[in-house]
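Just so we're aligned: 48 in the UniProt record's numbering is position 48 of the sequence shown, and the numbers increase by one with no gaps anywhere.
We treat Cβ as the ideally placed atom computed from N, Cα and C, and that holds for glycine.
The structure appears right after this line, and notes come after that.
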Amino acid sequence: MTPLAVNPSALPAPRGYSHGTLAGNTLHLGGQTALDADMRIVPGGIVEQFRQAFGNVLTTLREVGGEPRDLVSVTIYLTDIPDYQAHGKEIGAVWRELAGPVYPAMAGIGCTALWQPEAMIEILGVAVVPEERLVRPEG
């Protein structure tokens, strides 16, 4: 089984990484910050950054026929855990809006900085997509 890169055209073109890597029917989702299509971190704070970063993760997942319910693990890196906790209800509402009532194994990890200096959050994950929905990228 050769791993296949998954790079949706809706996301900024990656350089030196892939947005996802499909191995069999397991999709390893690369870390997504709140970059928009113009390669800028969205303004407005942690809730808006969560929406964009998680939306980027879901864009990669959907590229191979996946759905939020296919997520088995999500890791969230945060530069300010208290800020995330203070906005937990709002972030939870965004999660449910984008993914529904699906809650995979999760971890929140504090860090001092992310790749883009203005990024407050980075989300990565793992999904297992059923074969009957799986769309393999060419390559």
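Start-end ranges of the beta strand (DSSP E) lying completely within the region 13–84, minimum 3 residues: 20–23, 26–32 and 71–78
C-alpha gap between Gly-31 and Asp-70, whole angstroms: Position 31 of the sequence shown, counting from 1, holds the residue named residue 31. Position 70 of the sequence shown, counting from 1, holds the residue named residue 70. In a straight line, the C-alpha of Gly-31 is about 17 Å away from that of Asp-70.
Which of helix, strand or coil DSSP assigns to Gly-88: To locate residue 88, count along the sequence shown from 1; it is residue 88. If DSSP states are grouped into helix, strand and coil, Gly-88 belongs with the helices.
Straight-line gap, Val-94 to Pro-8 (C-alpha atoms, nearest Å): Residue numbering aside, residue 94 sits at position 94 when the sequence shown is read from its first letter. Residue numbering aside, residue 8 sits at position 8 when the sequence shown is read from its first letter. Cα-Cα distance, rounded: 22 Å.
Any 3 or more C-beta pairs closer than 8 Å across the region 111–120 and the region 39–52: yes
Supposed contact pair Thr-60 and Gly-20 - C-beta distance, whole angstroms, cut 8 Å: Mapped onto the sequence shown, residue 20 falls at position 20. Mapped onto the sequence shown, residue 60 falls at position 60. 4 Å between Cβ atoms; contact.
Nonlocal neighbours in the same chain, by C-beta distance under 7 Å from Val-135, ignoring five residues either side: Start at 1 with the first residue of the sequence shown, and residue 135 comes out as number 135. Cβ neighbours of Val-135 beyond the five flanking positions: Val-64 and Gly-65.
CB of Val-126 within 8 Å of CB of Thr-2, strictly: On the sequence shown, position 126 is the one that residue 126 refers to. On the sequence shown, position 2 is the one that residue 2 refers to. Not a contact, by the Cβ cut-off of 8 Å.
Limits of the beta strand (DSSP E) - the one that Glu-122 falls within: Position 122 of the sequence shown, counted from the start, is the residue given in the question as residue 122. Note, Glu-122: beta strand (DSSP E), 121–128.
Arg-133 versus Glu-67: straight-line alpha-carbon distance, rounded: Taking the sequence shown and counting its residues from 1, the one referred to as residue 133 is at position 133. Taking the sequence shown and counting its residues from 1, the one referred to as residue 67 is at position 67. So the alpha carbons of these two residues sit roughly 9 Å apart.
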